[in-house]
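Chemist: To start, I am sharing the structure in question, which I have written as structure tokens.
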Amino acid sequence: MKELYLGNDAVARGLWEAGCAFVSSYPGTPSTEITESVALYPEVYAEWAPNEKVAMESAFGAALSGVRSFCGMKHVGLNVAADPLFTISYTGINAGMVIAVADDPGMHSSQNEQDSRHYAKAAKLPMLEPSDSAEAKDFAKLAYELSEEFDTPVMLRMCTRVSHSRSLIELCERSEKAPRTYEKTPSKYIMMPANAKRRHPFVEERTLKLADWAEKAEINRVDEGREATRGIICNGTCYQYVKEAIGDKYPVLKLGMINPLPEKLIRSFSEKVNELIIIEELDPFIEEYVKSLGIPCKGKELFGLLGEFSSNMVAEKLGEKLPECVAYDDAIPGRPPVMCSGCPHRGIYYVLKKLGLHVLGDIGCYTLGAAQPLNALDTTICMGASVSGLHGFNKAGGSRDGKKAVGVIGDSTFMHSGITGLVNIAYNESDSTVIILDNSITGMTGHQQNPTTGFNLKGDPCTKIDLEALCRAVGIKRVRVVDPYDLKQCEEAVKEEIDIPEPSVIISRRPCALLKYVKHPGPISIDKDKCVGCKACMKIGCPSISLVDGKAEIDRSQCVGCGVCKALCKKDAIG
Amino acid sequence: MDSKSILIAGVGGQGTLLASKLLGRLLPDLGYDVKVSEVHGMSQRGGSVVTYVRCGEKVYSPIIDKGGADIILAFEPLEAARWFEYLKPGGTIVLNTARTMPMSVLTGQEEYPEGVTEKLASLGAKVDALDALKAAEEAGSSKAVNIVLLGLLSRSFDIAEEKWLEAIESLVPPKFLEMNKKAFSIGRNA
Numbered sequence: 000m001k002e003l004y005l006g007n008d009a010v011a012r013g014l015w016e017a018g019c020a021f022v023s024s025y026p027g028t029p030s031t032e033i034t035e036s037v038a039l040y041p042e043v044y045a046e047w048a049p050n051e052k053v054a055m056e057s058a059f060g061a062a063l064s065g066v067r068s069f070c071g072m073k074h075v076g077l078n079v080a081a082d083p084l085f086t087i088s089y090t091g092i093n094a095g096m097v098i099a100v101a102d103d104p105g106m107h108s109s110q111n112e113q114d115s116r117h118y119a120k121a122a123k124l125p126m127l128e129p130s131d132s133a134e135a136k137d138f139a140k141l142a143y144e145l146s147e148e149f150d151t152p153v154m155l156r157m158c159t160r161v162s163h164s165r166s167l168i169e170l171c172e173r174s175e176k177a178p179r180t181y182e183k184t185p186s187k188y189i190m191m192p193a194n195a196k197r198r199h200p201f202v203e204e205r206t207l208k209l210a211d212w213a214e215k216a217e218i219n220r221v222d223e224g225r226e227a228t229r230g231i232i233c234n235g236t237c238y239q240y241v242k243e244a245i246g247d248k249y250p251v252l253k254l255g256m257i258n259p260l261p262e263k264l265i266r267s268f269s270e271k272v273n274e275l276i277i278i279e280e281l282d283p284f285i286e287e288y289v290k291s292l293g294i295p296c297k298g299k300e301l302f303g304l305l306g307e308f309s310s311n312m313v314a315e316k317l318g319e320k321l322p323e324c325v326a327y328d329d330a331i332p333g334r335p336p337v338m339c340s341g342c343p344h345r346g347i348y349y350v351l352k353k354l355g356l357h358v359l360g361d362i363g364c365y366t367l368g369a370a371q372p373l374n375a376l377d378t379t380i381c382m383g384a385s386v387s388g389l390h391g392f393n394k395a396g397g398s399r400d401g402k403k404a405v406g407v408i409g410d411s412t413f414m415h416s417g418i419t420g421l422v423n424i425a426y427n428e429s430d431s432t433v434i435i436l437d438n439s440i441t442g443m444t445g446h447q448q449n450p451t452t453g454f455n456l457k458g459d460p461c462t463k464i465d466l467e468a469l470c471r472a473v474g475i476k477r478v479r480v481v482d483p484y485d486l487k488q489c490e491e492a493v494k495e496e497i498d499i500p501e502p503s504v505i506i507s508r509r510p511c512a513l514l515k516y517v518k519h520p521g522p523i524s525i526d527k528d529k530c531v532g533c534k535a536c537m538k539i540g541c542p543s544i545s546l547v548d549g550k551a552e553i554d555r556s557q558c559v560g561c562g563v564c565k566a567l568c569k570k571d572a573i574g
Numbered sequence: 000m001d002s003k004s005i006l007i008a009g010v011g012g013q014g015t016l017l018a019s020k021l022l023g024r025l026l027p028d029l030g031y032d033v034k035v036s037e038v039h040g041m042s043q044r045g046g047s048v049v050t051y052v053r054c055g056e057k058v059y060s061p062i063i064d065k066g067g068a069d070i071i072l073a074f075e076p077l078e079a080a081r082w083f084e085y086l087k088p089g090g091t092i093v094l095n096t097a098r099t100m101p102m103s104v105l106t107g108q109e110e111y112p113e114g115v116t117e118k119l120a121s122l123g124a125k126v127d128a129l130d131a132l133k134a135a136e137e138a139g140s141s142k143a144v145n146i147v148l149l150g151l152l153s154r155s156f157d158i159a160e161e162k163w164l165e166a167i168e169s170l171v172p173p174k175f176l177e178m179n180k181k182a183f184s185i186g187r188n189a
């Protein structure tokens, strides 16, 4: 009996079936559900770590102790974890270790479109890439076999369309693994220069052995085709687009192993076809390798470096007929995502905009504050960059346009990468005000717990990190808490802190309006007789408020009664 | 075995994921190969969201391309228009006529276009339209819009009613089951 599984759930099932016993990750779309899903199996210890570096090092520690371990992250999370990645490649493992990284071609929910395959090559680690849920499960299991056979962490590369697509898989039982004993082995695990010099040749030899393995691996396979005028090499989700577009017209070499690549297999495949075409999203990773072998091929000159591919795109580039379609030719208003009714970020953003401040932003739901009508952000780079960026901005003299700058960062993001930036503000004494938008949850990725919420991944109560005490402990003397529904209080606090020439933190605290335990007062309404249609209440971009026949109207099915709009009405028409 | 591609278009928060989940529960049991593609994450709330459901003897691509959908299940008229190019010429649009205003319309920067349903039909689509919000409220909850629309959608499939009801039963909490069954029935018999 086959079951329909989300790609990420299939990875989780594969981890479980392979006897994985330890998981540590940080959430990040499109990788999050792997860890949420594996946490549901009672045999697996699973946790949210404060960031990907901590997660990877914890998973390494678990593998060192002798149990099969896993960490998962999105592509930009791998940048954070890159430091341990490059060195655990040298040490190898005790029990198997698998690292999943989910890329986001097309940037559905990411700030860049990096191609994480480069990391496998740079860190000299094997990388597998599935093309659907069945492979996601099988490759996760295979990754553990390779990890233990070749003494290496193994990377599993996912992408949005594999992570977030459902397809059928066959379920198997868990194969329980007895923990291996840890033996102290300084020459393998203490990577000081003398030992690391001896491990580096091991890594190079391992890559050669893995390349040999890749030549015979079933996951690198040829689908025969009817016409050998062309041959196609592809990987991951592109394989599905190719098969959808051309069926069995041309032979296809599907590469399930991305690093190392199989030289002999590629050579023999290329010799049987007249023209070789490489179809891969993002960078020319396979193409450059094939060209380095002196084999002529086409890839990026046809398909480009940007975004997601599709079966129509593949069909078009290969000269196949495209399906007919009819365009809807009238203009259609756009519908970007918006901050929810009752979102606690709205009030504080209104105040920052009103005070005319520059705002260095960060990664989270609150990035939506950049949209109209709040327009409240100046920058968004990566996790933690608001705090450290603000320090540099202020130390270097600020904007020189008379406006001051503040930084905003969410509670989870602050725990991830904001603390060290705040240490820098305290230590090097910049007159910076950091606003922690504490909504007591990791919001954007879909409500994950974090060290400030008092609950762990399994939902059990646990140690709750005290943000005020933490900020004071790193040397910030001015720490205060405001309620973002209270605009007056927020405005006073922000004005005061930006005027005082010393480091400060304002914690804007109110739980996410979508959390189940949050009780709302209920919808409020507008007195049409008092409303003069001045639109003051519309400056906050609340999706519950619209203008009907020149007067404001509140959608009672959406409004939760936060009352932020009420404070803006000079005619006392909202109540 | 007929292959079918259904594009589900709506606004984040409307319950489009439950609709695709239900089709994902129903179709494999009938012996179809099935693929469903969803978008999670930041685009959820208030933004335009799309889910693809494909079934047939063998399905490769998890996404639907322009000109590839047999049916568009639209939770909102603008979203039907936005994804119209993805419909096969002469395909079916199962449409909720209740409007959800985008932010640019709420703030008065843009106008909500009139006559969307008529225009969709004039471009050759078979439009099966219903005010699903009103129907859901009639069934007992404005949250049942997705189930009403599934009832409406079920008319385009040669699948027995009890199979649909079994799939609903497996996905909704028992205390809301009767209400959801009523919502489905209103859609199916509209």
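So the sequences go chain by chain: X and V.
First residue of the first sequence? That's 0 in numbering that gives the first Met the number 0, and the numbers climb one at a time after it.
First residue of the second sequence? That's 0 in numbering that gives the first Met the number 0, and the numbers climb one at a time after it.
Positions of the beta carbon are idealized from the N, C-alpha and C atoms, including for glycine.
Since the model is a prediction, treat every value here as computed from it, not as a measurement.
1) Using the beta-carbon of each residue, which ones in chain X are nearer than 9 Å to V:M100?
2) What did DSSP end up calling X:S503 once you bin it into helix, strand or coil?
3) Quick one: using the 10 Å Cβ neighbour count with 16 as the cut-off for buried, is X:L39 buried or exposed?
4) With a threshold of 8 Å between beta carbons, is V:Q13 in contact with chain X?
5) Output yes or no for whether 8 Å exceeds the beta carbon distance between X:V405 and X:I497.
6) Quick check on X:D400 - is its C-beta less than 8 Å from some C-beta in chain V?
7) Measuring only between beta-carbons, confirm whether V:F175 sits less than 8 Å from chain X.
8) Using the Cα positions of X:M106 and V:T91, report the straight-line distance between them to the nearest angstrom.
9) Where does X:R156 land, buried or exposed, given buried means 16+ other C-beta within 10 angstroms?
10) When DSSP labels each residue in this structure, what does X:H107 get in the three-state scheme?
11) Straight-line CA distance for X:L112 to V:W82?
12) Counting only Cβ-Cβ distances shorter than 7 Å, please list the residues of the segment 9-33 of chain V near chain X, keeping chain order.
13) Excluding the 5 residues flanking V:L22 on each side, which residues of the same chain have their C-beta closer than 6 Å to its C-beta?
14) So V:A143 and V:N179 are supposed to be a Cβ contact under 8 Å. How far apart are they, rounded?
15) Against chain X, with Cβ distances strictly below 8 Å, would V:S42 count as a contact?
16) Return no unless some Cβ of chain X is closer than 8 Å to the Cβ of V:D1.
17) List in chain order: all unbroken beta strand (DSSP E) runs of 3+ residues lying wholly within the segment 360-425 of chain X.
18) On the criterion of 16 or more Cβ atoms from any shown chain inside 10 Å, does V:K87 qualify as buried, or is it exposed?
19) Quick check: the Cα distance between X:L367 and X:Y484, rounded to an integer number of angstroms?
20) In whole angstroms, what separates the C-alpha of V:V147 from that of V:G139?
21) What are the residues that DSSP puts in a beta bridge with X:P460?
22) Looking only at its chain, what residues have a beta carbon closer than 6 Å to the beta carbon of X:P283, apart from the 5 residues adjacent to it on each side?
23) Is X:S132 near X:G6, with beta carbons less than 8 Å apart?
24) Anything in the segment 139-169 of chain V with a Cβ closer than 8 Å to a Cβ of chain X? List those residues in chain order, please.
25) Counting only the same chain and skipping the five closest in sequence on each side, list residues whose C-beta sits under 6 Å from that of V:V115.
26) According to the neighbour-count rule (16 or more other Cβ atoms, all chains shown, within 10 Å of its Cβ), is X:L587 buried or exposed?
27) Is X:H415 a contact residue of the ligand MG, with contact defined as CB to any heavy atom under 7 Å?
28) Given a threshold of 16 other Cβ atoms within 10 Å of its Cβ, counted over all protein chains shown, does X:L436 qualify as buried or as exposed?
29) With 8 Å set as the bound, which would you pick, yes or no: does the beta-carbon of X:E128 sit closer than that to a beta-carbon of chain V?
30) Ends of the alpha helix (DSSP H) at V:K118?
31) Can you find a C-beta in chain V that's less than 8 Å from the C-beta of X:K527?
32) In the DSSP assignment, the beta strand (DSSP E) including X:V531 goes from what residue to what residue?
Modeler: On the basis of the coordinates in this document:
1) For this step, residue 100 of chain V is matched to residue 101 along the second sequence. Here the neighbours are P332, P542, S545 and D554.
2) As a first step, residue 503 of chain X must be located in the first sequence, where it is residue number 504. Reduced to three states, the DSSP call for X:S503 is strand.
3) Start at 1 with the first residue of the first sequence, and residue 39 of chain X comes out as number 40. Flag for X:L39 reads exposed.
4) Residue numbering aside, residue 13 of chain V sits at position 14 when the second sequence is read from its first letter. Output row for V:Q13: interface = no.
5) Mapped onto the first sequence, residue 405 of chain X falls at position 406. Mapped onto the first sequence, residue 497 of chain X falls at position 498. In this structure, X:I497 lies closer than 8 Å to X:V405 by Cβ.
6) On the first sequence, position 401 is the one that residue 400 of chain X refers to. Under the Cβ criterion of 8 Å, X:D400 is not counted among the residues facing chain V.
7) On the second sequence, position 176 is the one that residue 175 of chain V refers to. Chain X, which has no Cβ nearer than 8 Å to the Cβ of V:F175, makes this no.
8) For the purposes of this step, residue 106 of chain X is identified with residue 107 of the first sequence, where counting begins at 1. For the purposes of this step, residue 91 of chain V is identified with residue 92 of the second sequence, where counting begins at 1. Cα to Cα, the separation comes out at about 30 Å.
9) Taking the first sequence and counting its residues from 1, the one referred to as residue 156 of chain X is at position 157. The residue in question, X:R156, is buried, as its Cβ has 16 or more Cβ neighbours within 10 Å.
10) Position 108 of the first sequence, counting from 1, holds the residue named residue 107 of chain X. When DSSP states are grouped into helix, strand and coil, X:H107 belongs to the coil group.
11) The sequence position of residue 112 of chain X within the first sequence is 113, counting from 1. The sequence position of residue 82 of chain V within the second sequence is 83, counting from 1. Going by the sequence as given, residue 112 of chain X is Glu instead of Leu. Their backbone Cα atoms lie some 24 Å apart in a straight line.
12) Taking 7 Å as the Cβ-Cβ cut-off against chain X, the residues of the segment 9-33 of chain V that qualify are V10, G11, G23, P27, D32 and V33.
13) For this step, residue 22 of chain V is matched to residue 23 along the second sequence. The beta carbon of V:L22 sits closer than 6 Å to those of V52, all from its chain and outside the five residues before and after it, given in chain order.
14) As a first step, residue 143 of chain V must be located in the second sequence, where it is residue number 144. As a first step, residue 179 of chain V must be located in the second sequence, where it is residue number 180. Taking C-beta atoms under 8 Å as the contact rule, V:A143 and V:N179 qualify, at a distance of about 6 Å.
15) Locating residue 42 of chain V in the second sequence gives position 43, counting from the first residue. Its pLDDT being 49, under 50, V:S42 is placed unreliably in this model, and the value from its coordinates should be taken loosely. For V:S42, at least one C-beta of chain X is nearer than 8 Å to its own C-beta.
16) By 1-based counting over the second sequence, the position of residue 1 of chain V is 2. Against chain X, the CB of V:D1 has no partner CB under 8 Å away; the residue lies outside that interface.
17) Runs found: 404-409.
18) Locating residue 87 of chain V in the second sequence gives position 88, counting from the first residue. Buried, by the Cβ-count rule.
19) The residue you call residue 367 of chain X lines up with position 368 of the first sequence. The residue you call residue 484 of chain X lines up with position 485 of the first sequence. Looking at the two C-alpha atoms, the distance is approximately 18 Å.
20) Position 148 of the second sequence holds residue 147 of chain V. Position 140 of the second sequence holds residue 139 of chain V. Here the alpha carbons of V:G139 and V:V147 stand approximately 11 Å from one another.
21) Walking along the first sequence from the start, residue 460 of chain X turns up at place 461. DSSP output for X:P460 lists X:F454 as bridge partner(s).
22) The residue labelled residue 283 of chain X in the question sits at position 284 within the first sequence. G298 and K299, listed in sequence order.
23) Taking the first sequence and counting its residues from 1, one reaches residue 132 of chain X at position 133. Taking the first sequence and counting its residues from 1, one reaches residue 6 of chain X at position 7. Against a cut-off of 8 Å, the Cβ pair of X:G6 and X:S132 comes out as a contact.
24) Answer in chain order: S141.
25) By 1-based counting over the second sequence, the position of residue 115 of chain V is 116. P76 and A80.
26) With chain X covering 0 to 574 only, the question about residue 587 of chain X has no answer from this structure.
27) Here there are no bound small molecules, and the ligand MG is not part of this structure.
28) Walking along the first sequence from the start, residue 436 of chain X turns up at place 437. Looking at its Cβ environment, which holds 16 or more other Cβ atoms inside 10 Å, X:L436 is buried.
29) Counting from one through the first sequence, the residue named residue 128 of chain X turns up at place 129. Judged by the 8 Å Cβ criterion, X:E128 is not in contact with chain V.
30) Taking the second sequence and counting its residues from 1, the one referred to as residue 118 of chain V is at position 119. In the DSSP assignment, V:K118 falls within the alpha helix (DSSP H) that extends over V115 to S121.
31) The sequence position of residue 527 of chain X within the first sequence is 528, counting from 1. False, the Cβ-Cβ gap to chain V never drops below 8 Å.
32) Here residue 531 of chain X refers to the residue found at position 532 of the first sequence. Note, X:V531: premise wrong, no beta strand (DSSP E); not H, not E.
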